[in-house]
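Undergrad:
Protein chains: 4
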Amino acid sequence: MFETDERRLARWERRAEWPLTALAVVFVVAYAWQVLDDRSTPGLHAVLEVVLWVVWLVFAIDYAARFKLAANKRKFFVSHLFDLLAVLLPMVRQLRVLRLVTVLKVLNRRFAGKIRQKVGVYVAGVTTLVGLCASLAVLDAERHHPDATITTFGDAAWWTLTTISTVGYGDRYPVTWEGRLVAALLMIGGIALLGVITGTIASWLVERLSGVEGQVVEAEQATVAELRSVRAELAELRTELRAARAEG
Amino acid sequence: MFETDERRLARWERRAEWPLTALAVVFVVAYAWQVLDDRSTPGLHAVLEVVLWVVWLVFAIDYAARFKLAANKRKFFVSHLFDLLAVLLPMVRQLRVLRLVTVLKVLNRRFAGKIRQKVGVYVAGVTTLVGLCASLAVLDAERHHPDATITTFGDAAWWTLTTISTVGYGDRYPVTWEGRLVAALLMIGGIALLGVITGTIASWLVERLSGVEGQVVEAEQATVAELRSVRAELAELRTELRAARAEG
Amino acid sequence: MFETDERRLARWERRAEWPLTALAVVFVVAYAWQVLDDRSTPGLHAVLEVVLWVVWLVFAIDYAARFKLAANKRKFFVSHLFDLLAVLLPMVRQLRVLRLVTVLKVLNRRFAGKIRQKVGVYVAGVTTLVGLCASLAVLDAERHHPDATITTFGDAAWWTLTTISTVGYGDRYPVTWEGRLVAALLMIGGIALLGVITGTIASWLVERLSGVEGQVVEAEQATVAELRSVRAELAELRTELRAARAEG
Amino acid sequence: MFETDERRLARWERRAEWPLTALAVVFVVAYAWQVLDDRSTPGLHAVLEVVLWVVWLVFAIDYAARFKLAANKRKFFVSHLFDLLAVLLPMVRQLRVLRLVTVLKVLNRRFAGKIRQKVGVYVAGVTTLVGLCASLAVLDAERHHPDATITTFGDAAWWTLTTISTVGYGDRYPVTWEGRLVAALLMIGGIALLGVITGTIASWLVERLSGVEGQVVEAEQATVAELRSVRAELAELRTELRAARAEG
Chain V
1 MFETDERRLA RWERRAEWPL TALAVVFVVA YAWQVLDDRS TPGLHAVLEV
51 VLWVVWLVFA IDYAARFKLA ANKRKFFVSH LFDLLAVLLP MVRQLRVLRL
101 VTVLKVLNRR FAGKIRQKVG VYVAGVTTLV GLCASLAVLD AERHHPDATI
151 TTFGDAAWWT LTTISTVGYG DRYPVTWEGR LVAALLMIGG IALLGVITGT
201 IASWLVERLS GVEGQVVEAE QATVAELRSV RAELAELRTE LRAARAEG
Chain B
1 MFETDERRLA RWERRAEWPL TALAVVFVVA YAWQVLDDRS TPGLHAVLEV
51 VLWVVWLVFA IDYAARFKLA ANKRKFFVSH LFDLLAVLLP MVRQLRVLRL
101 VTVLKVLNRR FAGKIRQKVG VYVAGVTTLV GLCASLAVLD AERHHPDATI
151 TTFGDAAWWT LTTISTVGYG DRYPVTWEGR LVAALLMIGG IALLGVITGT
201 IASWLVERLS GVEGQVVEAE QATVAELRSV RAELAELRTE LRAARAEG
Chain P
1 MFETDERRLA RWERRAEWPL TALAVVFVVA YAWQVLDDRS TPGLHAVLEV
51 VLWVVWLVFA IDYAARFKLA ANKRKFFVSH LFDLLAVLLP MVRQLRVLRL
101 VTVLKVLNRR FAGKIRQKVG VYVAGVTTLV GLCASLAVLD AERHHPDATI
151 TTFGDAAWWT LTTISTVGYG DRYPVTWEGR LVAALLMIGG IALLGVITGT
201 IASWLVERLS GVEGQVVEAE QATVAELRSV RAELAELRTE LRAARAEG
Chain W
1 MFETDERRLA RWERRAEWPL TALAVVFVVA YAWQVLDDRS TPGLHAVLEV
51 VLWVVWLVFA IDYAARFKLA ANKRKFFVSH LFDLLAVLLP MVRQLRVLRL
101 VTVLKVLNRR FAGKIRQKVG VYVAGVTTLV GLCASLAVLD AERHHPDATI
151 TTFGDAAWWT LTTISTVGYG DRYPVTWEGR LVAALLMIGG IALLGVITGT
201 IASWLVERLS GVEGQVVEAE QATVAELRSV RAELAELRTE LRAARAEG
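Structure, rendered in structure tokens:
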């Protein structure tokens, strides 16, 4: 019974993977269009807004469906608390930028499956994607504030670069509550990125080391095999000796 | 005699643990209240001030009691020099922000015991707590200075974030002597945090490696055991051979 | 047939190494001269410009020749995509600063071959060279902009230092599109530099460890050799015993 | 002959150790006094200046003496090039701040010998000493410049802190050529400091690992010893068997 539920959850996740990835791409494109084309006709703006909310709604439904299919609902709730927050918090207008977190998580999952081997490509790809989304989000948040220093996409991209590298000149910085939230996420992302790089070097180190270790374990096993055959030889020798005594 | 003293010290520390943790929480709450509710009635302000000093006094008494119970007073004095400074220095009004150091140390000790296994949760928790206290302390120090750029809790939190991530835009920075002391502690905390993260990765690395090592050591021991049984077999063989000769 | 092509490509690269290094040095000197001697007579300026484009052209021809000699053209194209971009992009006037990337790559290759053992010297050398080129490039890009804060070589060198160390005071920062491109490359270079330092420490660690490992592997091999001679001894013993029985 | 020279050089260095350390402390104190007591009577100022130059002269003589005693002068010249530069460059008035480099090197050597075991104390001590000297040097360089933002010791210490932690708010920054030289040295020092911390963690890691390794090597040696006694037993067995055949 439980097993069936688990299997149904896994099947749901496998089937939902492609559509969710496609929707995540749609979301990023629509979001970029809305932010970059600030003076678009109100009609187009409204269409893009609807697209963004529909995608967000599909992600909310995906969470609900997975919750429904989970066998152990409490465990699912606890271990997917972050997912729930990323789905619920954007309902507050001021926090709608957090919709990007869910979208990035979906894209990252697909992305990681494909190219995790090529760590350089993976890190570069994730950094570019996160940087792009952060630039769009901070531009969206800051643009219309009277004291804003980030008013064009160029400014936003430059600010993202100086922040993620922790250089922080301070010629551009967010002044709104929402922009600072983006900055906080970007800084956490930057530290996480460094952690991934360190972790990669560490795991590469382990691999090289366990290569030698593997050799030692193999040699060890050869020794034990050799010893067993020595003991067998000895046992046979004793048998022969007994036979000799019996004959003698 | 000495043993008894040591045991009495350990018993004191075990018994004082819960009350001190509770008092540390009380201190942080009272301090936050006092700083955030700047325009409170003078009466309430005075009450909070009294609470803060009473908690500090209890921590001072705890130090004195532990000093009294210690068998080797000189060794205790040297190895708890930092504790003594954290208790004595806040008597100077300008350094009263250092009371937070003692409080954070107590909270960290309890915190660490509970959740050190879940490193991610631990690091996030400590960072949040340190960041909160630093924000309150810098706001307290800066608020009434004429050149201050940090005048609201939002500003203080934003400044803490840009400092601990070492981005440092420079749109907000402390200008008072006391605020800069908080900044110094926060920067040291930030570097320590990075050290903890690196150390965690390193120890995880050691664990994975010593897993393989354990295997090798086990295989080694199996080899030696096998060899011993081979030697026993040989000894028996010699005995039989002698018996054969005696018979022959 | 393929083998021959591969060998011809390797021979080309071996023969082109010295001339390309010399041209790279010529390029850096001419570029530095052009940037630092801003008020030179137009005639000299034009000569230097011609020198720079000729060197770039030779690098483009080198790419074309290597492409022509490559046995598997598709594989060469994919694995040398970065080289191609570094040769093609500078044709756009705004991106001509990217010519320095090709030049630095050639210099680094020679440099690395000579002194990779002395890691300290290597890191210091590369950092100095990259810093020098970045200073020249940012000065070239910024100097004539009305809002520029980087207008002398001293300013540019100081800005490079604050950027590569990620301190980023923000007293000087690029304001042009081209200058920010230089900054982006410099920041990536800075992170890469830290990666090299970490990687060096890691590999030194591996070396020290595999020293011990090598000892273990040797000891293991000695054990197996010893065991084989024990088995030979046993076999001989059995032969003797059989002879004894035959005699008996 | 050569041996004797080497021994004489070693004896010189051992004997000069204490006086040079004392002179280094004198230098730092005199330098601090001169910088902090800016409005002292010209007479006192002149006395301190003389003290500083005398100490520098003694360090120059120490270099000359060691050069004279060195058996292989060319090798000594190459491997002590840095020492020579630190002694010669301060003769240029603009570079007199570099005298501090020689002084710090001497203090570090003594310091390191005493407390290298206690890494935390060592790192804290070196950082404090370097920070103090950098604060004094930057204050000395900047104070009288019209655009200076660092004009008091408090400012200088705050600037040093924001620089060595790579936060770099940019509220204070050097504007003179000499002050920027101090900044460059401080940033290099900051990166070196991080390298020391990483290196310490790495070496601690190696120690913990080689603890297990040592166990494996020991077990290996026990195995080989065991095997040798097995072979001895076998040889004896063969001798007995031969005796039996002779008897039979």
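Residue numbers (the UniProt record's numbering), protein chains in the order written: chain V, 1 to 248; chain B, 1 to 248; chain P, 1 to 248; chain W, 1 to 248.
All C-beta atoms in this analysis are idealised placements derived from N, C-alpha and C, irrespective of residue type, glycine included.
Which residues in chain P have a C-beta closer than 8 Å to the C-beta of G179(B)? List them in chain order.
TA: Within chain P, no residue comes near G179(B); the closest Cβ sits about 19 Å away, beyond 8 Å.
Undergrad: Taking DSSP as the reference, what is the three-state secondary structure of V121(W)?
TA: Here V121(W) sits in helix by DSSP.
Undergrad: Listing by chain order, which chain W residues have their CB less than 8 Å from the CB of A244(P)?
TA: Going along chain W in sequence order, the residues near A244(P) (Cβ under 8 Å) are L241, A244, R245 and G248.
Undergrad: Please classify R39(V): does DSSP put it in a helix, a strand, or coil?
TA: In this structure, R39(V) counts as coil in the three-state DSSP scheme.
Undergrad: Please tell me whether A190(P) has its Cβ less than 8 Å away from any Cβ of chain B.
TA: The question names Ala, yet the displayed sequence has Gly at residue 190(P). No, no contact with chain B.
Undergrad: What are the residues of the stretch 223–240 of chain V that lie near chain P, defined by any Cβ-Cβ distance shorter than 9 Å?
TA: So the list reads T223, E226, L227, S229, V230, E233, L234, E236, L237 and E240, given in the order they occur along the chain.
Undergrad: Residues in the same chain with beta-carbon distance under 6 Å from R99(P), minus the five sequence neighbours each way, listed in chain order, please.
TA: Only W56 and P90 meet the Cβ criterion.
Undergrad: Using a Cβ cut-off of 9 Å, pull out every chain W residue sitting near Q221(B), in sequence order please.
TA: A219, listed in chain order.
Undergrad: Straight-line CA distance for M1(V) to L84(V)?
TA: In this prediction, M1(V) scores a pLDDT of 48, lower than 50, which makes its location untrustworthy; no coordinate-derived value is stated.
Undergrad: Which chain C residues are close to A184(W), counting only those with a beta carbon under 7 Å from its beta carbon?
TA: Considering every chain present, this structure includes no chain C. Its protein chains are V, B, P and W.
Undergrad: Given that G43(B) touches chain W, what residues does it touch there, using C-beta distances under 8 Å?
TA: Under the 8 Å cutoff, chain W gives no residues; its nearest Cβ is about 37 Å from G43(B).
Undergrad: Taking 8 Å as the threshold, find out whether the stretch 179–187 of chain W comes into contact with the stretch 130–137 of chain W through three or more Cβ pairs.
TA: Contact holds: three or more Cβ-Cβ distances are below 8 Å.
Undergrad: Given that a residue counts as buried once 16 or more other Cβ atoms are within 10 Å of its Cβ, and exposed if not, what is F77(B)?
TA: By the 10 Å Cβ count, F77(B) comes out exposed.
Undergrad: In the structure shown, what three-state DSSP assignment does P19(B) receive?
TA: It is helical.
Undergrad: For G131(B), name the three-state secondary structure that DSSP assigns.
TA: Here G131(B) sits in helix by DSSP.
Undergrad: In whole angstroms, what separates the C-alpha of T4(B) from that of W12(B)?
TA: Approximately 12 Å, taken between the alpha carbons.
Undergrad: Taking 8 Å as the CB-CB cut-off, is R8(B) touching chain W?
TA: Not one chain W Cβ lies under 8 Å of R8(B).
Undergrad: I need the straight-line Cα distance from residue 255(P) to T176(P), nearest angstrom please.
TA: What the structure shows of chain P is the stretch from 1 to 248, and residue 255(P) is not part of that stretch, so it cannot be assessed.
Undergrad: What residues from chain V crowd round T166(B), counting only those whose CB sits closer than 7 Å?
TA: The answer, in chain order, is T166.
Undergrad: Enumerate in chain order the residues of its own chain whose CB-to-CB distance from G189(P) is below 6 Å, with the five nearest sequence positions on each side excluded.
TA: Within the same chain, G189(P) has close Cβ partners V130.
Undergrad: Can you say whether W18(B) is buried or exposed, counting buried as having 16 or more other CB atoms within 10 angstroms of its CB?
TA: Counting Cβ neighbours within 10 Å, W18(B) comes out exposed, since fewer than 16 surround it.
Undergrad: DSSP state of R172(V), grouped into three classes?
TA: DSSP places R172(V) in coil when its eight states are reduced to three.
Undergrad: What span of residues does the alpha helix (DSSP H) with T160(B) cover, start to end?
TA: First-last of the alpha helix (DSSP H) with T160(B): F153 to I164.
Undergrad: Please list the partners that G170(V) has in chain W, where partner means a Cβ-to-Cβ separation under 8 Å.
TA: Correct list: Y169 and G170.
Undergrad: Could you name the residues of the same chain whose beta carbon sits closer than 6 Å to that of A156(V), not counting the 5 residues immediately before and after it, in chain order?
TA: Hits under 6 Å: S135, V138, L139 and I150.
Undergrad: Comparing alpha-carbon positions, which option in A243(B), L107(B) and H144(B) lies nearest V126(B)?
TA: For the residues A243(B), L107(B) and H144(B), the minimum Cα distance to V126(B) belongs to L107(B).
Undergrad: Does the Cβ of T152(W) have 16 or more other Cβ atoms within 10 Å, making it buried, or fewer, making it exposed?
TA: So T152(W) ends up on the exposed side.
Undergrad: Going by the CB atoms, is the gap between D171(V) and G154(P) shorter than 8 Å?
TA: Against a cut-off of 8 Å, the Cβ pair of D171(V) and G154(P) comes out as no contact.
Undergrad: Would Y173(W) count as contacting chain P if we go by Cβ distances under 8 Å?
TA: For Y173(W), the answer is yes, since a Cβ of chain P falls inside 8 Å of its Cβ.
Undergrad: For a contact meaning CB atoms closer than 7 Å, what does M187(W) contact in chain P?
TA: Chain P residues near M187(W): L161, S165 and V167.
Undergrad: Go to A86(B), then tell me how far its alpha helix (DSSP H) extends in each direction, as first and last residue.
TA: First-last of the alpha helix (DSSP H) with A86(B): L81 to L88.
Undergrad: So what does DSSP say about T149(V), is it helix, strand or coil?
TA: Three-state result, T149(V): coil.
Undergrad: Rounded to the nearest angstrom, how far is the Cβ of S165(W) from that of T160(B), given a contact under 8 Å?
TA: That pair is no contact at about 14 Å.
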